[in-house]
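The opening position of the sequence shown corresponds to residue 10 in this note's numbering, with each subsequent residue numbered one higher. The structure appears below as structure tokens.
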Amino acid sequence: MEVELTARQVKIPKALRAQVEEGMNRIARILGRTTTASITFRTQRHLQIAELTVKARMQTIAACGEADTQESALRAALAHAEHQALRHRDRKITRKRLPKEEKMLEAPPVSKPKVARGTSTEAVAENGRAKPRAEIAVHSFPAPATVVEPHIVKSGDALALRPMTVEEAVKEAEFRDRDLFIFRNLSGDLFVLHRRRDGQMELVEIP
């Protein structure tokens with residue numbers, strides 16, 4: 010496997026290179042030898058970061074590891090990438106094992122005895138060719154209708170206790186998040202505000 014190493018403001022010791030080679034060989038055995046990879050080592054404040062990208066024939070894997078040391082960060086990134094490679098291989102094996110179309114075994118058709126015209130059923134039964142079939146009347150009864158009782162919830166939040174104008178009633182209905190609001194105007198007339206399906210507020214005067 011071809012592995013490209015990149016270091017940003019850090020150094021890559023020989024022990025780390027050996028760890029890279031060992032980890033990438035494990036991933037190559039899973040995905041194939043034609044796989045290529047690139048690993049970038051960098052530091053961010055007190056964290057060591059290892060970013061790994063593996064490009065296989067039908068899969069691209071990206072993994073990242075963060076730790077206090079470069080070895081731990083690389084170990085985390087390799088473990089993540091190896092887990093993704095195993096999942097990709099298992100999915101590929103499962104797809105290959107699935108049959109293209111399931112073959113159903115069909116029973117050979119049962120041939121019915123041919124009865125000549127004018128021959129009664131009893132005569133055929135006596136000859137041993139067929140037996141008369143008895144007709145059975147089947148009656149189906151409709152299922153009882155299910156009665157659903159309405160669920161009624163009492164609410165006093167839809168009623169205004171003080172007189173108000175139409176504009177105040179609309180604002181109050183919006184504030185209370187009500188689609189139905191009942192109020193009286195300053196003259197004492199009773200009105201109902203109702204929100205229609207199109208979102209418009211409809212004003213209904215109760216005589």
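A virtual CB, placed ideally from N, CA and C, is assigned to each residue, including glycine.
Could you tell me if residue i is buried or exposed, where buried requires 16 or more neighbouring beta carbons within 10 angstroms of its beta carbon?
i: ALA134; result: For ALA134, the predicted model reports a pLDDT of 49, less than 50, meaning its position is unreliable and no value from the coordinates is stated.
i: GLU91; result: buried
i: THR44; result: buried
i: VAL175; result: exposed
i: VAL213; result: exposed
i: LEU170; result: exposed
i: GLU111; result: Low per-residue confidence applies at GLU111: pLDDT is 48, beneath 50, and the placement is therefore not dependable, though the value from the model is reported in the following sentence. Exposed: under 16 other Cβ atoms inside 10 Å.
i: LEU25; result: buried
i: MET113; result: Because the pLDDT of MET113 is 49, which lies under 50, any placement of that residue in the model is unreliable, and the question is left without a value.
I believe residue i touches residue j by the beta-carbon criterion, under 8 Å. Please report the beta-carbon distance rounded to the nearest angstrom.
i: ILE70; j: ALA85; result: So it is not a contact: roughly 14 Å between Cβ atoms.
i: LEU14; j: ILE39; result: 21 Å between Cβ atoms; not a contact.
Measure the alpha-carbon distance for residue i versus residue j and round it to whole angstroms.
i: ILE21; j: ARG96; result: 30 Å
i: GLU11; j: ARG54; result: 30 Å
i: LEU202; j: LEU168; result: 10 Å
i: MET33; j: GLY74; result: 15 Å
i: ARG204; j: LEU189; result: 7 Å
i: PHE50; j: THR78; result: 11 Å
For the beta strand (DSSP E) containing residue i, list its first residue and its last residue.
i: VAL19; result: Note, VAL19: premise wrong, no beta strand (DSSP E); not H, not E.
Considering just the uninterrupted stretch of the alpha helix (DSSP H) at residue i, what are its terminal residues?
i: GLY41; result: Note, GLY41: premise wrong, no alpha helix (DSSP H); not H, not E.
i: ALA59; result: No alpha helix (DSSP H) contains ALA59, which is instead part of the beta strand (DSSP E) from 56 to 64.
i: ARG185; result: 175 to 185
Based on the DSSP output, what are the partners of residue i in its beta bridges?
i: LYS101; result: Note: LYS101 sits in no beta bridge, so no partner.
i: MET210; result: ARG204
i: THR45; result: GLU11 and LYS64
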